[in-house]
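The listed protein sequences derive, respectively, from chains A and B. Numbering-wise, my numbering comes out as the position in the first sequence, counting from 1, plus 10. Numbering-wise, my numbering comes out as the position in the second sequence, counting from 1, plus 222. So the structure is just underneath, and the comments pick up after that.
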Amino acid sequence: QQPVQSPQAVILREGEDAVINCSSSKALYSVHWYRQKHGEAPVFLMILLKGGEQKGHDKISASFNEKKQQSSLYLTASQLSYSGTYFCGTALIYGQNFVFGPGTRLSVLP
Amino acid sequence: DAGITQSPRYKITETGRQVTLMCHQTWSHSYMFWYRQDLGHGLRLIYYSAAADITDKGEVPDGYVVSRSKTENFPLTLESATRSQTSVYFCASSESGGGAHSTDTQYFGPGTRLTVL
């Protein structure tokens, strides 16, 4: 039930945009996004629910496409501080612990 | 200090030894979780607890034991450590469970890097 994330890794220049996808073979109830910087603990970014609106957090936003069973994380005008590994966590039904994907490593270069 | 703490931060042990990793949170969160993180696998849930004295298995529970006699503590024990249990272990807590609300947000401890020789 582990979701699939793509790409596995991406390298950007400061100011460029990126999209990270999280998809499941089964219908999703909720998607959670976390960011983990090297050597640190994961930190919550946002949660998206089935039927919910697109969320935003500073220049990071996310959408939830129920038909595609996919969530996308959008990073606009990337900053150096955006570097890290981004994990999505998916739950198929209410009350289920979410399962994390393998992560997408994002590197932002000056 | 407020928050969620783990101890020890680093541990080296030998195959067959018993090891206990400690996790303590000061928020009185109902839910607590143990994950292991290995390259290429992301975060995998070992055990979780919805409240004191209530625990349940996650995705990879074999070889691990947990207990939760107090809300704030959730120790993880490796009864007979194996090399395959070399990993970084994260403890997390959340106000609620269910995956549908902001209160289900999980707050992670700093992690324990365990090496089994």
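Glycine included, every Cβ here is placed at the ideal spot set by N, Cα and C.
Checklist entry - Given S250(B), which residues of its chain have a CB within under 8 Å of its CB, disregarding the five upstream and five downstream residues? => result Cβ contact annotation for S250(B) (same chain, cutoff 8 Å, sequence separation greater than five): T293 and E294, in chain order.
Checklist entry - Looking only at its own chain, which residues have a Cβ that is under 6 Å from the Cβ of Y232(B), when we skip the five neighbours before and after it? => result R335
Item to check | Partner residues on chain A for Q328(B), Cβ-Cβ distance less than 9 Å | outcome: H42, Y44, P52, F54, G99 and F108
Checklist entry - Looking at the C-beta of I30(A), does it have a partner C-beta in chain B at a distance below 8 Å? => result With respect to chain B, the C-beta atom of I30(A) has no partner C-beta closer than 8 Å.
Checklist entry - So, are the CB atoms of E24(A) and P112(A) less than 8 Å apart? => result no
Next on the checklist: So for L261(B), helix, strand or coil by DSSP?
Outcome noted: coil
Next on the checklist: Between the alpha carbons of G225(B) and A314(B), how many angstroms are there, rounded?
Outcome noted: 10 Å
Item to check | I268(B) versus R305(B) - alpha carbon distance | outcome: 17 Å
Checklist entry - Would you call the region 50-62 of chain A and the region 17-31 of chain A touching, i.e. three or more CB-CB distances under 8 Å? => result no
Next on the checklist: Quick check on this structure: which residue in F108(A), V118(A) and L116(A) has the alpha carbon closest to the alpha carbon of L265(B)?
Outcome noted: Nearest C-alpha to L265(B): F108(A).
Next on the checklist: Helix, strand or coil, according to DSSP, for S291(B) in the structure here?
Outcome noted: coil
Next on the checklist: Whole angstroms are fine: how far does the CA of G99(A) sit from the CA of Y44(A)?
Outcome noted: 8 Å
Checklist entry - Do V20(A) and C32(A) come within 8 Å of each other at the CB atom, strictly closer than that value? => result no
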